[in-house]
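Undergrad: Got a structure here, written out as structure tokens. Questions coming.
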Amino acid sequence: MIVDQEGEEEHEREFWFKPCWSKEVPWKMSFLAWRVFKRKIPSDDNLRRFGYQLASRCYCCPNPRLDNLQHIFCTGSTASQVWGYFARSLGFNIQIRGVKQLCYEWWKKKPRNRMIRFLTHKLPMVILWELWVHYNQCKYGKESPSRARIIFKVTRDMVDCIMRKWPSWDPFPPNWNYILRRADLFKCSKIVREASWCKPPKGWIKINTAVKKGSCSFMIRNSKGEFVMAGVYSGDRDMEMIMLKECLSWCKKRGLGRVQIEGEQVRVDGDEQGLRVEWLKCDRRMNCIAQWLLDKCEGQNVVYRRVSALPKGFLYILSLEGFPHFSSLPRRDFIPVDNNQNRRWDPGGR
Ligand SMILES: [Zn+2]
53 MIVDQEGEEE
63 HEREFWFKPC
73 WSKEVPWKMS
83 FLAWRVFKRK
93 IPSDDNLRRF
103 GYQLASRCYC
113 CPNPRLDNLQ
123 HIFCTGSTAS
133 QVWGYFARSL
143 GFNIQIRGVK
153 QLCYEWWKKK
163 PRNRMIRFLT
173 HKLPMVILWE
183 LWVHYNQCKY
193 GKESPSRARI
203 IFKVTRDMVD
213 CIMRKWPSWD
223 PFPPNWNYIL
233 RRADLFKCSK
243 IVREASWCKP
253 PKGWIKINTA
263 VKKGSCSFMI
273 RNSKGEFVMA
283 GVYSGDRDME
293 MIMLKECLSW
303 CKKRGLGRVQ
313 IEGEQVRVDG
323 DEQGLRVEWL
333 KCDRRMNCIA
343 QWLLDKCEGQ
353 NVVYRRVSAL
363 PKGFLYILSL
373 EGFPHFSSLP
383 RRDFIPVDNN
393 QNRRWDPGGR
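Using the working numbering, read the sequence shown as starting at 53 and increasing by one per residue.
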């Protein structure tokens, strides 16, 4: 018995508690939804249970009916029309019988993209909240029942939720159909960034290196991007270490105190042989010259001190290096501009 109760509570927490609380929905809305599910709302039927005598007449509908929790939040004519409006807009065919049943079916839906799923999940809390605000405004304030006012305010609250979720987007107008049309276009993509080989800063030289089994290559250029020296080392083991050591001592002899080493692998920056050494990581395409030299001279031991001595094709590769390469950054959510829909929204729903 106890186990069953705990299981029941676990289910309650998982299914009802969790969706209520989300960081994009204001706390007051989440809390109200939770109170509705727990029936802890001062509607007339609940007050009656505590012995209050009330002439029960709702305030939320143009033609008042019996006031109770289900009526205010779900089955009353105002509430059911609001739910019906949003359900239809999302293509849901949901029977409106009770507030828990309604939310249960609502949250079970599997929307077609991540943005529509977000809207679908947050809507019930926002709708419940605005139904409650509307009810109180009609009961204690001077407002008269208006389904359109609720729909407008729900939409405005949903715009706020969207802005909390995607703060870098331009704000949406409070027009539900427009928002849904845009949400249909929702995409997630990788943004692509241009990259190309860069000269080292003034006072530095740069060594590009490439490595494959048994051979490694280097290409040294100055801060104007001019060729200084290049070469390939081949041998059994540790050729890369030997090559770098010799490159650095060559730099030291010539008083070149600041060196960037660029390749597909990096190590920790620091002082080597009394030189300041910075390691830069780049992808294969940005490192194409060192890579090309390695492919050309694999297995050889050779050093080039003049451009004219380099293997044929160097100038061609050099010209390719000047072209930007493209690399991907982490994914980003966006809605592509649709010229037919952009800036065209009719301020309906009011
Ligand atoms: Zn009513």
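No residue lacks a Cβ here, since even glycine has one placed at the ideal position from N, Cα and C.
Would you mind listing the alpha helix (DSSP H) stretches within the stretch 321-383 that are 4+ residues and don't spill past its ends, in chain order?
TA: Here the runs fully enclosed are 340-348 and 366-373.
Undergrad: Does the beta-carbon of S95, which I'm using as the reference point, lie nearer than 8 Å to any heavy atom of ligand 1?
TA: Checking every heavy atom of ligand 1 against the Cβ of S95, none is found closer than 8 Å.
Undergrad: According to DSSP, simplified to helix, strand and coil, what is K205?
TA: Helix.
Undergrad: Among the candidates K191, A235 and V318, whose CA atom is the shortest distance from the CA of F170?
TA: Here the closest residue by C-alpha is A235.
Undergrad: Just to confirm, does D222 get its C-beta within under 8 Å of one of the non-hydrogen atoms of ligand 1?
TA: No, the beta carbon of D222 sits no closer than 8 Å to any heavy atom of ligand 1.
Undergrad: Run the proximity test for C113: is its beta-carbon closer than 8 Å to any non-hydrogen atom belonging to ligand 1?
TA: Yes - ligand 1 has a heavy atom lying nearer than 8 Å to the Cβ of C113.
Undergrad: Indicate whether the contact test is met: 3 or more Cβ pairs, each with one atom in the stretch 155-167 and one in the stretch 185-195, closer than 8 Å.
TA: Touching, no, given that fewer than three Cβ pairs across the two stretches are closer than 8 Å.
Undergrad: Looking at A131 and ligand 1, is the gap between the Cβ and the nearest heavy atom below 8 Å?
TA: Yes, the beta carbon of A131 sits closer than 8 Å to at least one heavy atom of ligand 1.
Undergrad: Report the rounded CA-to-CA distance for L175 versus P225, giving the unit in angstroms.
TA: The straight-line gap from Cα to Cα measures roughly 17 Å.
Undergrad: Can you tell me which of the three DSSP states R273 falls into?
TA: Three-state DSSP puts R273 in a strand.
Undergrad: Does the stretch 276-293 come within contact of the stretch 340-354, defined as at least 3 CB pairs closer than 8 Å?
TA: With a cut-off of 8 Å, the stretch 340-354 and the stretch 276-293 count as touching, because enough Cβ pairs lie within range.
Undergrad: For a test of the three-state rule: what should DSSP assign to Y230, helix, strand or coil?
TA: Correct three-state label for Y230: helix.
Undergrad: What do you get for K371, buried or exposed, if any count of 16 or more other CB atoms within 10 angstroms of its CB means buried?
TA: Position check: residue 371 holds Ser in this sequence, whereas Lys was assumed. Exposed, since its Cβ has fewer than 16 Cβ neighbours within 10 Å.
Undergrad: Helix or strand or just coil, what does DSSP make of I168?
TA: Here I168 sits in helix by DSSP.
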